[in-house]
Amino acid sequence: MKDKLKMVPEHIAIIMDGNGRWAKRKGLPRIAGHREGLKAVRAVVKAARKYGVKYLTLYSFSTENWKRPEDEVRFLFHLMEERLRKEGQQLHKNNVKVSFIGKKDGLPAKLVKTMGCVERHTFKNTGLTLIFAINYGSRQEITDAVKRIISSGEKDITEDLIEKNLYTVGIPAPDLIIRTSGEKRLSNFLLWQAAYAELYFTHTLWPDFKEDEFLKALFDYQRRKRRFGGLSG
Ligand code: FPP
Numbered sequence: 245m246k247d248k249l250k251m252v253p254e255h256i257a258i259i260m261d262g263n264g265r266w267a268k269r270k271g272l273p274r275i276a277g278h279r280e281g282l283k284a285v286r287a288v289v290k291a292a293r294k295y296g297v298k299y300l301t302l303y304s305f306s307t308e309n310w311k312r313p314e315d316e317v318r319f320l321f322h323l324m325e326e327r328l329r330k331e332g333q334q335l336h337k338n339n340v341k342v343s344f345i346g347k348k349d350g351l352p353a354k355l356v357k358t359m360g361c362v363e364r365h366t367f368k369n370t371g372l373t374l375i376f377a378i379n380y381g382s383r384q385e386i387t388d389a390v391k392r393i394i395s396s397g398e399k400d401i402t403e404d405l406i407e408k409n410l411y412t413v414g415i416p417a418p419d420l421i422i423r424t425s426g427e428k429r430l431s432n433f434l435l436w437q438a439a440y441a442e443l444y445f446t447h448t449l450w451p452d453f454k455e456d457e458f459l460k461a462l463f464d465y466q467r468r469k470r471r472f473g474g475l476s477g
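Each residue of the sequence shown is one higher than the one before, counting from 245 in my numbering.
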């Protein structure tokens, strides 16, 4: 199977959608969907390592997700903190470098502390770079970049300068963006970085997105002809 993959995307970014609907279909509360979604996170991290993906970005909480019921938001942060604290060591053993994009403001202090610990602990790892987008919004990111450039006094505005001021500095742009659950939009995720990304949409709900579904996306990617605005060779 693995040898049939000629092009493995260097960076895959995923909009993990459909936890709530998965739970509803099973007659379970929404939080059960998030718990199950975490199993898919583990499966996809494992698969990304197995197939040689270098960067994996997971949209875990958007700046718009604050509009959800307070209980659900609190549960999500609790789940993230607990899992990062408990599974950080295993990620480290697997040579995974964990990093975060998004705004720390507004997040529970305990979560921010754990994020910092895991980030520092795994900083020197050289395997998969696993990026969690938490309290992330692309418009916010671009706005922050503009503010930073203005306050630096720099007048020579280039694409490169903007890129260097995004949260994703040093991370290559995603080659493939996956969205689960049938929705076909980017929802304020990596808008600048997605300029030439291939997009893959599946009806599979996030909790059901495991290695086989990940492989389907990789196989679909094999058929894409990436031209970056040029002509095909
Ligand atoms: C989308 O489903 C899912 C989320 C907003 C949360 C995803 C987060 C995790 C699985 C945890 C990530 C873990 C760490 C360690 C950072 P939805 O609730 O939007 O589903 P719906 O559209 O069916 O309602």
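Backbone N, C-alpha and C fix where the C-beta goes; we use that ideal spot for every residue, glycine too. As the structure is a computational prediction, the values presented were derived from the model and not from experiment.
Option in the options with minimal Cα separation from residue i
| i | options | result |
| --- | --- | --- |
| Leu300 | His278, Ser306, Glu254, Gln334 | Glu254 |
| Val413 | Gly346, Lys270, His365 | Gly346 |
| Pro451 | Val252, Gly281, Val317, Ser306 | Gly281 |
| Ile259 | Ser476, Ala353, Arg468, Arg429 | Arg429 |
| Asn338 | His447, Gly371, Trp266 | Gly371 |
| Ser382 | Gly397, Lys357, Ser396, Leu410 | Leu410 |
| Leu302 | Lys357, Phe472, Gly332, Ala257 | Ala257 |
| Asp456 | Gly277, Tyr295, Thr402, Lys268 | Tyr295 |
| Trp436 | Val317, Ala377, Ile386, Gly262 | Ile386 |
| Arg329 | Lys248, Pro416, Thr358 | Thr358 |
| Arg309 | Ala439, Ala438, Ser431 | With the sequence shown as reference, residue 309 is identified as Asn, and Arg is not the correct amino acid for it. Out of Ala439, Ala438, Ser431, Ser431 has the C-alpha closest to the C-alpha of Asn309. |
| Gly426 | Asp419, Phe453, Glu331 | Phe453 |
| Phe458 | Leu420, Phe344, Ala377, Glu326 | Leu420 |
| Leu449 | Pro418, Asp404, Ala267 | Ala267 |
| Arg327 | Lys460, Leu272, Lys311, Ser304 | Ser304 |
For residue j and residue i, the rounded distance between their alpha carbons
| i | j | result |
| --- | --- | --- |
| Phe433 | Tyr465 | 20 Å |
| Arg293 | Arg423 | 20 Å |
| Lys399 | Lys290 | 44 Å |
| Thr366 | Val342 | 6 Å |
| Arg279 | Phe319 | 10 Å |
| Arg274 | Ile401 | 45 Å |
| Leu354 | Asp261 | Note on identity: in this sequence residue 354 is Lys, with Leu being the wrong assignment. So the alpha carbons of these two residues sit roughly 25 Å apart. |
| Arg468 | Val288 | 21 Å |
| Arg470 | Thr307 | 31 Å |
heavy atom of the ligand FPP below 7 Å from residue i C-beta
| i | result |
| --- | --- |
| Phe305 | yes |
| Leu320 | yes |
| Ser199 | Since the first and last residues shown for the chain are 245 and 477, residue 199 lies out of range. |
| Phe445 | no |
| Phe433 | no |
| His278 | yes |
| Val285 | yes |
| Asp452 | no |
| Met251 | no |
| Gly281 | yes |
| Arg327 | yes |
| Ile375 | no |
| Leu459 | no |
| Gly264 | yes |
With 16 other Cβ atoms within 10 Å as the buried cut-off, status of residue i
| i | result |
| --- | --- |
| Thr373 | buried |
| Ile375 | buried |
| Phe472 | exposed |
| Gly332 | buried |
| Gly350 | exposed |
As assigned by DSSP and simplified to three states, the class of residue i
| i | result |
| --- | --- |
| Ser306 | strand |
| Ile415 | coil |
| Tyr380 | strand |
| Ile393 | helix |
| Arg279 | helix |
| Ala354 | The sequence given here has Lys at residue 354, not Ala. Of the three classes helix, strand and coil, the one that applies to Lys354 here is helix, per DSSP. |
| Ile258 | strand |
| Tyr444 | strand |
Check: residue i C-beta below 7 Å from any heavy atom of the ligand NAP
| i | result |
| --- | --- |
| Arg423 | The ligand NAP is not part of the structure shown, which contains the ligand FPP as its ligands. |
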